[in-house]
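Everything in the sequence shown is counted per our numbering, starting at 463 for the first residue and increasing by one. The structure appears below as structure tokens.
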Amino acid sequence: MAGAALPAAAESPEFGPSVQDGTIGSNKDAGSLNECPADQALVGVRVEDRTNAPGDVAGGIINDFDLLCGTIEVNSPSAITVAQSPSYLDFPSYVNGDGVFHVATCPANMVVTQMGGHFFQGQGFPWASTIQISCQPLRFDAQGRIRVDTTATPVALLAGDNENLNAPAGFNGPFCGADDTQIVRGYRPQFGGEGYDGINVSCASLASDFGDAPAQYPAAGFEINGATFVGESVDAEPAEQPSADASADGVSDDGVTFPTIIGGVTPSAPVNVEVTNFAPVPATLTGWIDFDQDGVFEAGEQVTAPVAAGFTGPVVLTFGDVAARTTAAGGTTTARFTLVVNGVAGEVEDHQVIITPQAPALTIVKASTTTAASAAGQEIDYTFAVTNTGNVTISNIEITDAQLDAPAVCDDVVLDPGAATDCTGLHTVTQAEIDGGDVIENIATATGTPPGSTTPIPPTTSNPVIIPTVQTPALTIVKASTTTAASAAGQQIDYTLSATNTGNVTISNVAVSDAQLDTPAVCDEVVLAPGAVTECTGVHTVTQAEIEGGEIVNTATVTGTPPGSTTPIPPATSNPVIIPTAQTPALTIDKSASSSSVQQGATITYLFVARNTGNVTVSNVTITDPLPGLSALDCSTPAPVTLAVGETLTCTANYVTTAADGRAGSVLNTATVSGDDPSGQPVGASDRVDVTVIPQAAEAAGLANTGSESTLPFAAFGVLLLLVGTLIVVRRRVAAI
């Protein structure tokens, strides 16, 4: 609790329960006590009598009795003053009062120490008619206690008439004042039918203050002197009032401020105690705190400090060796503080004290500036802010994070309560995390060792840090072939297809598609990690259409399945591989005659066979033969025709030999085949056939004789030559044109 405001002067000491010492008049019907409050003293009285009429046996009886109270103040060790109240405690009065109020008021700074009064006999009983008070000042004795100054001459004052005309009078008292501790506090009325038949005088002594610690602690009590106390004011208990939490006095402004005491940790405990000592002699402030909670205030748990006479203010009692006397479990215990003059006068205050249990605690906040992970091998920097949120120092601060490449490094490994340290760590992204395709979610824990222990506190868990992964599945494919040209249908072309995973996730079911391959490509691997390459092979058999097309242009595609999916990624297309075709257009023609030698006038039948001997189709194929008199060619297919590779065109024609042929001795002519290759360029060939023609004899005989007489032998020789010629067919082939 906060320290209480200190008084400018000590408050009035409290007085204990009153006792009735004697009666003015007679005892009859007792009423309630009419007294000054416990923290005030009686300083005056006011009395009204009943009208004293002839023949009224009750004339002169006290009809009204009021009290004037005052507060005792100690303004300095040498001055005890009494502040009189501005008004009386007004109690009920009877009828028939004479209207005259008789007042008896003590001189300044005096209190009523004795009371007595007159009575008269009425109806056989003594009835009170006057009140007499005796006033004296107060003083401190050598022990610092407030006492009646019996060395001062009492001042006697009378209130009332004592004028009853019908009965003899007397005096009762004085009452109270048996020693220098007693004063008059008030009275108890004894009522009759006409007024106050009697007055029971109430005596009181200064009260004591008692402790209210739990019952296992020793009792403590001191007389209150109003000048020596703890806190803002004096609080008195009539007797020891043990309570579990030392709060039986109900006072919360008693000026003791405790520091936080942590069991097993706090080395010392400075306790601030607000005290006042206006007594003329020094007082001693003593404090005990039962740190070990054994129900005993031990010598090692006691601290004292002197308080000079006249001092008011804070005094600090510092308790040492606290850590050794308390345990980590903490708990509640009791403290006692006494401020006493000479061991007899003062105040005792008991308090419940909280020994705070050790509560080691850490918090950890994990963070990263990385917003996304896109590749295996990428480094993610993490920071860990660790704060000691407990009430004890924690050492050996340690971060645990299974994902870090190496243990986190912290700026500090010993944290006082409220202190923080920053730690850092690094995580290298794995391919599995990228392939996971979700997020990299990560937490960390922090722990440390509390004082006096080798066992770390339970780990505290950080917030999760969630870093999304970015998946970019991608493949590329490069197609190649060692074949530089295709020259014939049926030729086989070997292709190699290199598929590379250029994305950031593993791709499975890698498949190459190439419509030109004879059978699906075969790949070395069908699962590719990022950056990995697989080689695939395939064969393509050249078609005639490709030869005629002039080049074979071919591409392939590759696809595969990314992690966590059954849907392949869009196909990636390879570079085109262009293999030119070597076109060799060629035609041949084979011309033959039905006979190698004929008689003049005979018919020769010619056979023409044109063949496509190249590697491409030839169109507009036509056979021509310029021989005059040759019949029109009769072809298997009307010309012009288109010949695929290896196809033929067959034609026939007839020719009747003439005299000119006979004279020439032969028929010599050439046939030609021509056409267009796929690019429109001409292609052709020719073939020549010579047929011997035997002239008629008459024509042979009619030859002029220009030689010698031996004509016949020469003629016969010529005929022989002709006959031999009929056996020889002369053919000359002309190269393709």
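Positions of the beta carbon are idealized from the N, C-alpha and C atoms, including for glycine.
So what does DSSP say about residue i, is it helix, strand or coil?
{"i": "isoleucine 1014", "result": "strand"}
{"i": "valine 784", "result": "helix"}
{"i": "isoleucine 919", "result": "coil"}
{"i": "proline 475", "result": "coil"}
{"i": "isoleucine 1222", "result": "This structure cannot settle anything about residue 1222, because the visible part of the chain is limited to 463 through 1199."}
{"i": "glutamate 763", "result": "helix"}
{"i": "alanine 829", "result": "strand"}
{"i": "alanine 741", "result": "coil"}
{"i": "alanine 1159", "result": "helix"}
{"i": "proline 676", "result": "coil"}
{"i": "cysteine 872", "result": "strand"}
{"i": "aspartate 878", "result": "coil"}
{"i": "alanine 908", "result": "strand"}
{"i": "serine 570", "result": "In the sequence under discussion, the amino acid at residue 570 is alanine, which differs from the serine named in the question. Alanine 570 falls in the coil class under three-state DSSP."}
{"i": "aspartate 754", "result": "coil"}
{"i": "phenylalanine 684", "result": "strand"}
{"i": "glutamine 644", "result": "strand"}
{"i": "leucine 504", "result": "strand"}
{"i": "serine 857", "result": "strand"}
{"i": "threonine 719", "result": "strand"}
{"i": "leucine 747", "result": "strand"}
{"i": "asparagine 489", "result": "coil"}
Give the C-beta separation of residue i and residue j to the nearest angstrom, bearing in mind that I take them to be a contact with Cβ-Cβ under 8 Å.
{"i": "alanine 1055", "j": "valine 1145", "result": "The pair is not a contact, with the Cβ atoms about 25 Å apart (cut-off 8 Å)."}
{"i": "glycine 725", "j": "proline 819", "result": "6 Å"}
{"i": "glutamate 510", "j": "serine 555", "result": "6 Å"}
{"i": "threonine 999", "j": "alanine 983", "result": "6 Å"}
{"i": "valine 784", "j": "isoleucine 723", "result": "6 Å"}
{"i": "valine 751", "j": "valine 815", "result": "Residue identity differs from the one stated: residue 751 is isoleucine in this sequence, not valine. Contact flag correct, Cβ pair sits at about 6 Å."}
{"i": "valine 743", "j": "valine 692", "result": "Going by Cβ atoms, the distance from valine 743 to valine 692 rounds to 17 Å, so no, they are not a contact pair."}
{"i": "arginine 798", "j": "alanine 675", "result": "6 Å"}
{"i": "proline 721", "j": "proline 732", "result": "6 Å"}
{"i": "serine 1098", "j": "threonine 1075", "result": "18 Å between Cβ atoms; not a contact."}
{"i": "leucine 620", "j": "isoleucine 608", "result": "The pair is not a contact, with the Cβ atoms about 27 Å apart (cut-off 8 Å)."}
Mind checking who residue i pairs with in its DSSP beta bridge?
{"i": "arginine 512", "result": "Gly559"}
{"i": "arginine 601", "result": "Arg609"}
{"i": "glycine 793", "result": "Ile817"}
{"i": "threonine 533", "result": "Ala545"}
{"i": "arginine 650", "result": "Asn662"}
{"i": "valine 519", "result": "Answer is none; valine 519 lacks a bridge partner."}
{"i": "phenylalanine 582", "result": "Trp589 and Ala631"}
{"i": "glutamine 594", "result": "Gly578 and Leu620"}
{"i": "valine 778", "result": "Asn734"}
{"i": "valine 810", "result": "Thr800"}
{"i": "tyrosine 844", "result": "Ser830 and Gly887"}
{"i": "phenylalanine 773", "result": "Asn739"}
{"i": "asparagine 496", "result": "Tyr649"}
Going by C-alpha distance, which of the options is nearest residue i?
{"i": "glutamine 482", "options": "Gly493, Pro475 and Glu476", "result": "Gly493"}
{"i": "glutamine 585", "options": "Asp518, Ser1027, Phe637 and Gly683", "result": "Asp518"}
{"i": "valine 1107", "options": "Thr1134, Ala1159 and Gln1045", "result": "Gln1045"}
{"i": "lysine 828", "options": "Pro475, Gly839, Asp863 and Asn804", "result": "Asp863"}
{"i": "alanine 689", "options": "Pro680, Ser730, Gln605 and Pro732", "result": "Gln605"}
{"i": "proline 1038", "options": "Gly693, Ala942 and Ala541", "result": "Ala942"}
{"i": "isoleucine 486", "options": "Pro479, Gly506, Cys568 and Gln576", "result": "Gln576"}
{"i": "isoleucine 905", "options": "Asp611, Val927, Val810 and Gln502", "result": "Val927"}
{"i": "asparagine 662", "options": "Gly579, Gln598 and Phe740", "result": "Gly579"}
{"i": "aspartate 526", "options": "Gly683, Phe653, Ser975 and Val810", "result": "Phe653"}
{"i": "cysteine 568", "options": "Leu600, Gly506 and Pro616", "result": "Gly506"}
{"i": "serine 1136", "options": "Ser1027, Thr1079, Glu895 and Asp641", "result": "Thr1079"}
{"i": "proline 548", "options": "Val562, Cys531, His564 and Ile542", "result": "Cys531"}
{"i": "alanine 936", "options": "Thr1035, Ile816, Asn634 and Asn496", "result": "Thr1035"}
{"i": "threonine 1028", "options": "Ile1040, Gln1061, Thr719 and Ser970", "result": "Ser970"}
{"i": "tyrosine 844", "options": "Cys872, Gly622 and Asn853", "result": "Cys872"}
{"i": "alanine 741", "options": "Pro680, Val806 and Ile524", "result": "Val806"}
{"i": "serine 1148", "options": "Pro1157, Thr909 and Ala1133", "result": "Ala1133"}
{"i": "aspartate 1123", "options": "Glu685, Asp491 and Pro1090", "result": "Pro1090"}
{"i": "phenylalanine 633", "options": "Ala908, Pro588 and Gly792", "result": "Pro588"}
{"i": "asparagine 1082", "options": "Ile1031, Thr917, Gly635 and Pro1102", "result": "Pro1102"}
{"i": "proline 479", "options": "Tyr649, Leu619, Ala545 and Thr746", "result": "Tyr649"}
Of all the CB atoms in chain C, is at least one closer than 8 Å to the CB of residue i?
{"i": "glycine 1146", "result": "Here there is only one protein chain, and chain C is not present."}
Quick check for students: name the residue ranges of the alpha helix (DSSP H) that lie wholly in the segment 986-1049, counting only runs of 4 or more.
You should have 1006-1011.
What are the complete beta strand (DSSP E) segments, minimum 3 residues, inside the segment 923-975?
Within the segment 923-975, the complete beta strand (DSSP E) runs of at least 3 residues are 927-930, 937-943, 954-963 and 970-975.
List, from N- to C-terminal side, the alpha helix (DSSP H) runs of 4 residues or more that fit wholly inside the segment 1062-1139.
1121-1126
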